[in-house]
Each structure stands twice: as structure tokens, then as C-alpha cells.
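Novice:
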Amino acid sequence: MSEIAPTSQNDILAVARTQVLERGEGLGERQIHECLTLPDDRLEDLLALAHEVRMKWCGPEVEVEGIISVKTGGCPEDCHFCSQSGQFASPVRAAWLDIPSLVRAAKETAATGATEFCIVAAVRGPDERLMGQVREGVEAINKEVDINIACSLGMLTQEQVDELAAMGVHRYNHNLEAPKSHFAKVVTTHTWEERWRTCEMVRAAGMELCCGGIVGMGETVEQRAEFAAQLGELEPDEVPLNFLNPRPGTPFADYPLVEGAEALKTIAAFRLALPRTILRYAGGRELTLGDLGTRSGMLGGINAIIVGNYLTTLGRPTGSDLEMLDELKMPIKALSQTL
Numbered sequence: 040m041s042e043i044a045p046t047s048q049n050d051i052l053a054v055a056r057t058q059v060l061e062r063g064e065g066l067g068e069r070q071i072h073e074c075l076t077l078p079d080d081r082l083e084d085l086l087a088l089a090h091e092v093r094m095k096w097c098g099p100e101v102e103v104e105g106i107i108s109v110k111t112g113g114c115p116e117d118c119h120f121c122s123q124s125g126q127f128a129s130p131v132r133a134a135w136l137d138i139p140s141l142v143r144a145a146k147e148t149a150a151t152g153a154t155e156f157c158i159v160a161a162v163r164g165p166d167e168r169l170m171g172q173v174r175e176g177v178e179a180i181n182k183e184v185d186i187n188i189a190c191s192l193g194m195l196t197q198e199q200v201d202e203l204a205a206m207g208v209h210r211y212n213h214n215l216e217a218p219k220s221h222f223a224k225v226v227t228t229h230t231w232e233e234r235w236r237t238c239e240m241v242r243a244a245g246m247e248l249c250c251g252g253i254v255g256m257g258e259t260v261e262q263r264a265e266f267a268a269q270l271g272e273l274e275p276d277e278v279p280l281n282f283l284n285p286r287p288g289t290p291f292a293d294y295p296l297v298e299g300a301e302a303l304k305t306i307a308a309f310r311l312a313l314p315r316t317i318l319r320y321a322g323g324r325e326l327t328l329g330d331l332g333t334r335s336g337m338l339g340g341i342n343a344i345i346v347g348n349y350l351t352t353l354g355r356p357t358g359s360d361l362e363m364l365d366e367l368k369m370p371i372k373a374l375s376q377t378l
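In this text, residue positions in the sequence shown follow the working numbering: the first is 40, and each later residue adds one.
#1: Which ranges would you report for the alpha helix (DSSP H) in the region 104-150 if only whole runs of at least 4 residues count?
#2: For Phe-291, does the three-state DSSP call read helix, strand or coil?
#3: Sort Val-297, Thr-230, Leu-270 by Cα distance to Glu-258 and report the nearest one.
#4: In whole angstroms, give me the CA-to-CA distance for Leu-318 and Ile-253.
#5: In the structure shown, what three-state DSSP assignment does Arg-210 receive?
#6: To the nearest angstrom, report how far apart Thr-151 and Val-184 are at their CA atoms.
#7: How far does the beta strand (DSSP E) with Val-254 in it extend, from its first residue to its last?
#8: Within this structure, are the beta carbons of Ala-302 and Leu-328 separated by less than 7 Å?
#9: What are the boundary residues of the beta strand (DSSP E) that Ala-189 is part of?
#10: At a cut of 8 Å, does the region 280-292 reach the region 54-64 through at least three beta carbon pairs?
#11: Excluding the 5 residues preceding and the 5 following Gly-245 in the sequence, name in chain order all residues of the same chain whose CB lies nearer than 7 Å to its CB.
#12: By the 10 Å Cβ neighbour count, where 16 or more other Cβ atoms means buried, how is Thr-237 classified, buried or exposed?
#13: Using the C-alpha atoms, what's the distance from Trp-96 back to Ser-335?
Rendered as C-alpha cells:
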């Protein structure tokens, strides 16, 4: 991504219009920070430009995805935001999902018009038992459901990356979660570099890479800009954008919610940093943005959405999201166009 000399906040949007909208070049870290610190009375202009960028470089379609946890809770890692960590006194307990339930969930997801179904496990990385269950699950889903299958199974070895690619896994999710300079305050049981290596292996194997993170975990605005720039360097196919939903029993249980205007600036700035990337609404939007704010984000750079519930928290009713897309005249991306 290109980086230019600092601009005044009065003309950062003019610079972004030329650089991002016209040339398709994502903003650099300093420029992203300028967008994140625009005064609130410039928010509508920022969102409008981000929407123009999304429409030009991604088009009007919205990619819809459902997610399901095949292995919930009992994770050995200490990600401070996560109620699935076995190190915290959270109410989530370990559980496994059987294959018939996995297939049923995939069918229900496909019935919404979704083109992506993501199998998630709360683990540091998959062992042979989990890889075997994923192998069986992918085969069973492919026999009965016409949908792309994604996986999120933690950090991988090269052998596991190759095996998932051979199974036909379409996309792999492995979030960096936080900017590199802040990561050690979020996770201590593994490093940012370990996550980055898995992402690089996934891309090299030919699978699409889904990589994003969570906003509102105590990072500064400068670090938020750093994070967007780091994702720009990685160039994932998809960036899920989560807003912290503080979970009881975790170290971040008492963190405040991200303010709505701040969240919308983040959405727009990430779009300007990543003009061609699928930018997906993920967890926390219901609390941070509400219904009206969610609509504003869809008109401010978002072009993908997770429908239904998340791994350990409730989402908006699927019908509400689909009705919103219909009202905004945003067509759901067809499966045939993603193959």
C-alpha cells in the first residue's frame, strides 16, 4: 500500500477519493489514522466515500455466511476476550457437535441464501481427532448441501494446511485479533507471529484467507490504524470486523462497548485501507451499533454479513438481516459466482 505525507483532516477524504476510489490503492497507516480521528460532523462524508469504494471495487452484492462450532469451550489458550478459554471462570463448557447436527446446520444456513458455512473449533490447533471429524463433516456436507465450506481451527502445521486444501475447504479463518503492538496484552499463550505464519501458509496453499480481529480491546486509535495497515499488508480475501462484546468471567469482562460513531469510523477506515477485500460484519455489532447503526455500516463499506448466532453470543434474527438487505436493495451473492 502506498503511504504519503500527512494531510490535514480537511482534505484526507479528497486524497482518499483519488487514491482509493479512483486508483484502488488502500490507505496507509498514517492516512487511516486521519480517517479514524475525523470529527463526528465528517462521519457521513466518510461513510459515503467508503460506500462508493465498496461499490466500485467490490460491487453491490453481499456475501452471507453462517457459522457453527464443532468443538465449543475448553480451549487451552488465554485470549482475554474469549469465554471459550479453559483458563477463565466463564460459563461456557466444552462440548462437541456430531456430524448429523453439522449437516443439519449447513442445510439451515444454505436455506437463508448463504454461500459460506464455517466450521469452527475452540482449540490452539487441531489434533488428529478434530481433523478426522472435520474430514468426515466436510464430506457429509458436500454430499447433501450446495455451499462453500470454510474452517477455523486455530494454528496449523503445513501438513494440516495441505490436508484441508485437499479436502476442498474453500476458505480458512484465522484472525490476527489485534495489532502486533497490542497483541501481548490480549493473548500470552501464543504470539502474533505464530498467527501470521498460519495465515501465510493458508494463502500459499491456495485457500482463500479470512483474517480480521476485534475492535475495542483496549487498543489506541493509533493501534487501530496499525492493525488495518497490517491487514492490508497480509491482503486477506475477507476481513471479519468484530466489536468487543465483553463476556462474563473473562479479563475483558468490564471493558466498555465501542461507541457507535467510533465503530462506524472504523468500518469506513478499514474499507479505505482494504478497497477490494470482503469486509464482513461479525460479532458485537448488535450491541455497538443497533439496527440503525448496522444499516449505516452497510452503507459505509461493509459487503458481507454473518447471519444468525455467533459462537457463544446471540446475533440478530436471520430474517431481520435479510429484510435489511432487501430494503437496501443489496443482492445476496449467488453461490455460482463464488466457485
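A virtual CB, placed ideally from N, CA and C, is assigned to each residue, including glycine.
Being a predicted model, the structure only gives us computed values, none of them experimental.
Specialist: According to the data block:
#1: Annotation note: the region 104-150 contains the following uninterrupted alpha helix (DSSP H) runs of length 4 or greater, listed N- to C-terminal: 138-150.
#2: Position 252 of the sequence shown, counted from the first residue, corresponds to residue 291. In the structure shown, Phe-291 sits in coil (DSSP, three-state: anything other than H, G, I, E or B).
#3: Your numbering for residue 258 matches position 219 in the sequence shown. Cα-wise, what sits closest to Glu-258 is Val-297.
#4: Walking along the sequence shown from the start, residue 318 turns up at place 279. Walking along the sequence shown from the start, residue 253 turns up at place 214. The straight-line gap from Cα to Cα measures roughly 13 Å.
#5: The residue you call residue 210 lines up with position 171 of the sequence shown. In the displayed model, Arg-210 falls within a strand according to three-state DSSP.
#6: Position 112 of the sequence shown holds residue 151. Position 145 of the sequence shown holds residue 184. About 13 Å.
#7: Numbered from 1 along the sequence shown, position 215 holds the residue referred to as residue 254. That run of the beta strand (DSSP E) goes 252-254.
#8: What you label residue 302 is simply residue 263 of the sequence shown in a count that begins at 1. What you label residue 328 is simply residue 289 of the sequence shown in a count that begins at 1. When the beta-carbon positions are compared, Ala-302 and Leu-328 come within less than 7 Å of each other.
#9: Here the question's residue 189 lines up with position 150 in the sequence shown. Unbroken beta strand (DSSP E) run through Ala-189: 187-191.
#10: Three or more beta-carbon pairs separated by less than 8 Å are not found between the region 280-292 and the region 54-64, which leaves the two stretches without contact.
#11: Reading the sequence shown from its first residue, position 206 is the one you call residue 245. Excluding positions up to five away in sequence, the list reads Ala-204.
#12: Taking the sequence shown and counting its residues from 1, the one referred to as residue 237 is at position 198. In summary, Thr-237 is buried, with 16 or more beta-carbon neighbours lying within 10 Å of its beta-carbon over all protein chains present.
#13: Translated into the one-based positions of the sequence shown, residue 335 becomes position 296. Translated into the one-based positions of the sequence shown, residue 96 becomes position 57. Taking the straight line from one Cα to the other gives about 19 Å.
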